[in-house]
């Protein structure tokens, strides 16, 4: 999407990665305005504020790490995020909390629980395998975080979803 908009406007770029575009030449105000308008039509926006860009990079990295990677990194989250983004983790964590109103760790937990919900619905892995895959120290720890976020145990959540599926099939 972004690539095609850049090409439509004749803008040459070096790279597009994690929502960041590195242009080869400066962009004119008219090109910027047209690019902004075209991207907004697709639900995207141009950002120039360095803090906002950094927050979006962090969010994209975490979402990719949890939802789209086959396996989570073997290093701890703070080292991984710091290495990939290129900033000290404490700085990133403080900035994230200041801008988003939740801690970076809370954001990670929320996305891990969303992944747990998804894996429970696929019914291919048991809770022990899910806990291992998402680097939880134990099934109990996973269950505790799951209940804290959703208000339900993983088993009860799965039962509710299965019941709803059965009810839809009966219609």
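Residue numbers (the numbering used here): 397 to 567. Here a beta-carbon is modelled for each residue, glycine too, at the ideal position from N, C-alpha and C.
- In the three-state reduction of the DSSP assignment, residue 521 falls in the coil class, being assigned neither a helical nor a strand state.
- Excluding residues up to 5 positions away in sequence, 527 lie with their Cβ nearer than 8 Å to the Cβ of residue 537 in the same chain.
- For residue 426, the uninterrupted alpha helix (DSSP H) segment begins and ends at 425-436.
- Taking 8 Å as the upper bound for CB-CB distance, residue 477 and residue 488 are in contact here, some 6 Å apart.
- Here DSSP, grouped into helix, strand and coil, assigns residue 535 to helix.
- Residue burial annotation: residue 492 is buried, with at least 16 other C-beta atoms found within 10 angstroms of its C-beta.
- Ranking 424, 401, 397 and 530 by CA distance to the CA of residue 466 puts 530 first.
- Contact check for residue 420 against residue 410 passes: the beta carbons are separated by less than 8 Å.
- Residue state for residue 419 is assigned as strand, using DSSP reduced to three classes.
- Pairing residue 545 with residue 507 gives a Cβ-Cβ distance that is not under 8 Å.
- Cβ neighbours of residue 460 within its own chain (closer than 7 Å, five residues either side excluded): none.
- Apart from the 5 residues on each side of it in sequence, residue 474 sits with its Cβ closer than 7 Å to the Cβ of 485 in its chain, given in chain order.
- In this structure, the CA atom of residue 525 is about 15 Å from the CA atom of residue 542.
- For residue 412, the pairing in a beta bridge is given by DSSP as 417.
- The C-beta of residue 412 has fewer than 16 other C-beta atoms within 10 Å across all chains shown, which makes the residue exposed.
- Taking the CA atoms as reference points, residue 520 sits about 26 Å from residue 472.
- Distance from residue 430 to residue 405 at the Cβ level is roughly 6 Å; contact confirmed, criterion being Cβ atoms closer than 8 Å.
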